[in-house]
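Shown next, in structure tokens, is the structure this report addresses.
In my numbering, the protein residues as written are 103 to 348.
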């Protein structure tokens, strides 16, 4: 047996130890392969998370746009009430569609022409370059076409449709009065509505008719309703409406 002194232990060269068996460290090729597997797993996990998150973010953005659209409509409701208070409780007697590109005719005004004095926002106008400038309240943020930018208004004025129909088919000489009374008896009939179904994702509902056909009663649009001027999803079931007083 060799006797080693402390001086020998401190001065001798370090011995090389080689690991064998299961304790052997993996080589570079094996280590690279394991790193690649880890990367692939991470990529798959990220893909799954993106697939889950993106639809939720898209739905949240659309919900935000719809709420902004409802806020716009609610503002128009306040303007309508101010107009009615100043005009014997009548709704504006104008055409159903506003189009700022039409020549302005004082004897045949459009909706925003008569409502301008009852709203805080500046109505659509042409700048010096001849471009139509449309501010935020008059555009639905979910517009999928250029109808609002081209006409200056993203919404349809439904009383205007009824007034035109009364004039043409009934020879009504006071369509504004007749239609305004109709709304007093039918507060669930929309006054304004999106020009197109810009708010997707809502389950549509239908009512079965006696002849077996179906009538759609819920739409992917926002509407502004008479009376309390609430803004909500567009719902309309013609069977539930009445003509009002004679």
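Beta carbons are placed, not taken as given, at the ideal position from N, Cα and C, and that holds for glycine.
Out of curiosity, what's the CA-to-CA distance linking residue i and residue j?
i, j, result
"residue 326", "residue 144", "49 Å"
"residue 336", "residue 231", "37 Å"
"residue 180", "residue 329", "11 Å"
"residue 279", "residue 192", "6 Å"
"residue 255", "residue 241", "6 Å"
"residue 220", "residue 149", "52 Å"
"residue 216", "residue 195", "9 Å"
"residue 132", "residue 305", "Low confidence applies to residue 132: its pLDDT is 48, below 50, so where it sits in the model is not reliable, and the reading given next is rough at best. Roughly 54 Å separates the two Cα atoms."
"residue 347", "residue 234", "Its pLDDT being 47, under 50, residue 347 is placed unreliably in this model, and the value from its coordinates should be taken loosely. Computed Cα separation, rounded: 42 Å."
"residue 334", "residue 307", "15 Å"
"residue 137", "residue 151", "21 Å"
"residue 199", "residue 184", "21 Å"
"residue 314", "residue 267", "28 Å"
"residue 257", "residue 250", "8 Å"
"residue 190", "residue 281", "13 Å"
"residue 228", "residue 343", "40 Å"
Taking Cβ positions, are residue i and residue j nearer each other than 8 Å?
i, j, result
"residue 269", "residue 277", "yes"
"residue 264", "residue 284", "yes"
"residue 298", "residue 222", "no"
"residue 311", "residue 319", "no"
"residue 239", "residue 177", "yes"
Who pairs with residue i in a beta bridge, going by DSSP?
i, result
"residue 258", "295"
"residue 334", "325"
"residue 309", "317"
"residue 235", "227"
Since residue i and residue j are thought to touch, with beta carbons under 8 Å apart, how far apart are those beta carbons, to the nearest angstrom?
i, j, result
"residue 331", "residue 182", "7 Å"
"residue 253", "residue 202", "6 Å"
"residue 309", "residue 339", "6 Å"
"residue 175", "residue 324", "6 Å"
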